[in-house]
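What follows is a short report on a single structure.
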Amino acid sequence: MKRLRILTLEVIILAVLFVLGGCGKNESPVGPEISGDDEVILRAFVDEYPDLFTLDYEDNEDGLQEAEIWSTDPALPRPIDPVAFWREITDKQREVDIHIVQDSISTAEVTVTTYIQGLFHTVTMDSHYTKQIDDTAVMYAYLEKTRPGPSNDDTRRHGGWTLKKISGWEIVSNPCTKQINSVQITSSSGLVDTVITDISSLWDVEDLFVFQPGDSVTLTVDTGNPQDLVFLHAPRVFRRPFKHIGGGVFTGTWVTGQWPHADVRPRGRHATIDVIDHGTVFDDEFPYDSRAWGMVYFVGARLDFDED
2 MKRLRILTLE VIILAVLFVL GGCGKNESPV GPEISGDDEV ILRAFVDEYP
52 DLFTLDYEDN EDGLQEAEIW STDPALPRPI DPVAFWREIT DKQREVDIHI
102 VQDSISTAEV TVTTYIQGLF HTVTMDSHYT KQIDDTAVMY AYLEKTRPGP
152 SNDDTRRHGG WTLKKISGWE IVSNPCTKQI NSVQITSSSG LVDTVITDIS
202 SLWDVEDLFV FQPGDSVTLT VDTGNPQDLV FLHAPRVFRR PFKHIGGGVF
252 TGTWVTGQWP HADVRPRGRH ATIDVIDHGT VFDDEFPYDS RAWGMVYFVG
302 ARLDFDED
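All you need for the numbering used here is the position in the sequence shown, starting with 1, plus 1.
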């Protein structure tokens with residue numbers, strides 16, 4: 002019995018030593034160390050690139066179009082007959098949520114949410130109507146952190162964090178019944194020809210759209226509803242109507258860098274597809290109902306997000 006107790010004690014001691022030895026040795030690779038400063042650095046990164054992370058989508062009186070081209074079907078009911086409409090944004094609140102994971106590489110998932118309040122104005126020859134705007138816009142980004150150099154002195158720009166992927170914006174009203182099923186994008190230069198079915202999906206930054214100055218860019222938008230009103234905001238304050246070509250499919254074109262003094266520096270720009278319910282414009286009792294997709298693109302050259 003005494004010998005059995007001694008053997009049992011030896012087994013316990015060996016087991017403890019084995020566990021302690023295992024705790025001190027980790028065969029799996031570990032990514033760069035995450036510090037409390039990383040979230041601060043990432044928030045500063047978001048602030049440094051407002052062309053990417055700040056919702057650049059307006060709709061004011063400078064971009065008004067003539068009323069006769071707004072409606073896809075003149076036979077649709079029109080309780081009111083507007084001569085103009087526009088959005089007045091009274092408040093924007095942005096939230097940035099950052100989720101950092103340390104694994105074989107260190108990664109960060111960033112969600113940028115913008116809450117938008119305002120008024121939708123509709124003007125007839127003798128009346129002025131307003132409707133409440135309560136929109137939520139969401140976009141996503143993915144970053145990776147590289148290891149510091151041999152000196153371990155991490156003085157690199159952005160602390161080693163590099164933007165790898167980014168999504169577009171989706172702006173949704175409350176309530177919202179509108180849908181965007183797909184957007185086909187083609188450019189006259191032939192550099193871009195693609196179809197987007199989910200604006201919230203992440204794109205590699207190397208695959209973000211680059212158009213040449215003077216490119217004619219054609220968008221074909223499928224909403225599935227021929228009664229929708231569809232517009233393009235590019236640049237942000239100008240609202241261009243899409244033409245309905247049948248079956249709830251709309252098409253529109255714009256030319257990049259078409260002004261004599263257009264800014265063609267490599268910076269993020271926004272093109273926004275704006276879908277508005279027919280009743281929002283032509284019925285004074287119908288609520289504001291809209292869905293929009295915003296896409297980031299570049300003219301001439303893409304920004305370099307690699308670590309300096």
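Beta carbons are placed, not taken as given, at the ideal position from N, Cα and C, and that holds for glycine. These numbers come from a predicted model, not from an experiment.
Proximity winner among S107, Q103, D285 and R292, relative to E275 (alpha-carbon distances): In the sequence under discussion, the amino acid at residue 275 is Asp, which differs from the Glu named in the question. Answer by Cα proximity: R292.
Span separating the alpha-carbon of T187 from that of V196: 9 Å
How should C175 be labelled, buried or exposed, when 16 other C-beta atoms within 10 angstroms of its C-beta is the threshold for buried? Looking at the sequence shown, residue 175 is not Cys but Asn. Flag for N175 reads exposed.
Going by DSSP in three states, F121 sits in which element: helix, strand or coil? strand
Secondary structure at I277, three-state DSSP: helix, strand or coil? strand
Just to confirm before moving on: does the CB-CB distance between R240 and F232 stay below 7 Å? yes
Here's the rule: buried if 16 or more other CB atoms are within 10 angstroms of the residue's CB, otherwise exposed. What is H279? buried
Give me the residue from E96, Q94 and V111 with the minimum Cα distance to V102. Considering only alpha carbons, the answer is V111.
Using three-state DSSP, classify A272 as helix, strand or coil. It is a strand residue.
Starting from D39, trace the alpha helix (DSSP H) in both directions and tell me its first and last residue. D38 to E49
Closest by CA to W255, which one among Y50, S201, Q213 and V282? Q213
Under 7 Å between the Cβ atoms of R88 and F283? no
Which residues does DSSP list as the beta-bridge partners of H100? E110
Quick one: grab the DSSP three-state call for R158. helix
Which word fits S168, buried or exposed, when buried means at least 16 other C-beta atoms lie within 10 angstroms of its C-beta? buried
What are the partner residues of F54, as DSSP defines its beta bridges? Looking at the DSSP assignment, F54 forms no beta bridge with any residue, so it has no partner.
Could you check what DSSP says for E207 in three-state terms: helix, strand or coil? helix
Same chain only: Cβ atoms within 6 Å of R95, ignoring 5 sequence neighbours per side: T115
Can you give me the Cβ contacts of W260 inside the same chain, cut-off strictly under 8 Å, excluding the 5 residues immediately before and after it? For W260, the pLDDT reaches just 49, beneath the cut-off of 50, and the residue's location in the model is therefore unreliable, leaving the point undetermined.
Which same chain residues, not among the five before or five after L77, have their C-beta less than 8 Å away from its C-beta? Q228, H279 and F283
Ends of the beta strand (DSSP E) at P321? One cannot answer for residue 321 here, as it falls past the ends of the chain, which runs 2 to 309.
DSSP state of V193, grouped into three classes? coil
So, with DSSP's three-state summary, where would you put F287? coil
My guess is that H271 and V300 are in contact by the Cβ rule of under 8 Å, so how many angstroms apart are they, rounded? Contact doesn't hold; Cβ gap of about 12 Å is too wide.
Taking D136 as part of the beta strand (DSSP E), name the residues at either end of that continuous run. H129 to K146
Where V282 sits in the DSSP three-state scheme: helix
First and last residue of the beta strand (DSSP E) that includes G248? From DSSP, G248 is part of no beta strand (DSSP E); its letter is neither H nor E.
Starting from the C-beta of T125, find all residues in its chain whose C-beta is less than 7 Å away, skip the five residues before and the five after it, and write them out in chain order. Same-chain partners within the cutoff: I81, D82, P83 and V84.
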